[in-house]
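Encoded as structure tokens, the structure appears first; notes follow it.
Numbering (the UniProt record's numbering), first residue to last: 1 to 290.
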């Protein structure tokens, strides 16, 4: 199985139910007003370990092979390439959703000041937007055995491509197979986007994943303020009706000290923007003490 077949296999499953996007009140108003979500560069996620986790799984598999065949030049160079060169200067942009709209773990992330909110969207409508933008949508993989099997296939594909392409004489002898690895990097990153640590399995996450950009000089690229740096993102347009209002299935408010006022103000705001949720606005009502 080549690496593109691996990617197609893990993106084959499609969501069937409502998809929820968790955020806080400030970004929520911008989502409604711009009719879009932020597809954020994975390198600028608040959890910086995402790609590191995938990289370490790959290295573990490579070193397992190396232990029984220490003189294999392809494996030796693959270990170096993954360690030193994996994902340098490549941007992949992601929108995160959950199949669950009322999770305590998510409220802990977004409700520190009683500002958490989750917005539910029709899965079929999100899929339509994904198709139009030529992005992908897939379910995150948390099971360690499944991950190891995927990684095994990825490494086998990288080695096979290096064997087929052979040595690149234009490269330094210590990097003579790196060109063969680089050819598969974009697909490798799209696979990496769905591999998450098992500790996060409760999130039941689905991701909209962009193609891989090899430059940050992208006309449609935007930046927003982060905690200590600017965060690059692309706008992912949301489904809208004929009157251009966003189509929302449901809105769930996170724990708040001001439940009634929060409900009333969000309801009034959505009515003003003609984006009333099909199934209403609910209070999460999960006990939470920040």
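Every residue, glycine too, gets a C-beta built ideally from N, C-alpha and C.
Residues sharing a beta bridge with residue 39, DSSP: 234
Just to check my reading of the structure: residue 209 and residue 237 have Cβ atoms closer than 8 Å, yes? What is that Cβ distance to the nearest angstrom? Not confirmed; about 16 Å, so no contact.
Kindly give me the distance between the Cβ atoms of residue 160 and residue 6, rounded to whole angstroms, as I take these residues to be in contact under 8 Å. By a beta-carbon distance limit of 8 Å, residue 160 does not contact residue 6. Their separation comes to about 12 Å.
Does residue 289 pass the burial test, meaning 16 or more other C-beta atoms within 10 Å, or should it be called exposed? Here residue 289 scores only 48 on pLDDT, less than 50, and its place in the model should not be relied on; the value that follows carries that caveat. It counts as exposed.
With DSSP collapsed to three states, give me the class of residue 1. coil
Assign residue 172 to one of three DSSP states: helix, strand, or coil. coil
If you drop the 5 nearest sequence neighbours on each side, which residues of the same chain put their C-beta closer than 7 Å to that of residue 202? 103, 105
Residue 320 in three-state terms, based on DSSP: Only positions 1 to 290 of the chain appear in this structure, which leaves residue 320 out of reach.
Consult DSSP for residue 58 and reduce its assignment to one of helix, strand or coil. helix
Please name the residue in 36, 108, 251 whose C-alpha comes closest to that of residue 234. Checking every option, the nearest Cα to that of residue 234 belongs to 36.
Less than 8 Å separating the beta-carbons of residue 250 and residue 29? no
Using the C-alpha atoms, what's the distance from residue 215 back to residue 99? 32 Å
Any contact between the segment 182 to 199 and the segment 79 to 96? By contact I mean 3 or more CB pairs, one from each, below 8 Å. yes
Using DSSP with H/G/I as helix, E/B as strand and the rest coil, what is residue 205? strand
Quick check on the DSSP output: what are the complete alpha helix (DSSP H) runs of length 4 or more inside the segment 73 to 136, in order along the chain? 73 to 84, 104 to 110, 123 to 133
Hey, residue 144 and residue 198 are a contact pair by Cβ (cut 8 Å); roughly how many whole angstroms apart? Their Cβ separation, rounded to whole angstroms, is 6 Å, which keeps residue 144 and residue 198 in contact under 8 Å.
Are the CB atoms of residue 206 and residue 27 nearer to each other than 8 Å? no
Could you name the residues that DSSP lists as bridge partners for residue 268? Residue 268 pairs with nothing; no bridge assigned.
Do you know how far the Cα of residue 32 is from the Cα of residue 270? 8 Å
Assigned exposure category for residue 230 - 16 Cβ within 10 Å defines buried: exposed
Where residue 225 sits in the DSSP three-state scheme: strand
Excluding five sequence neighbours on each side, which residues of the same chain lie with their C-beta closer than 6 Å to the C-beta of residue 195? 54, 141, 147
Output yes or no for whether 8 Å exceeds the beta carbon distance between residue 252 and residue 275. no
Compare the C-alpha of residue 81 against each of 155, 223, 139 and name the closest. 155
Residue 167 (DSSP reduced to helix, strand or coil): coil
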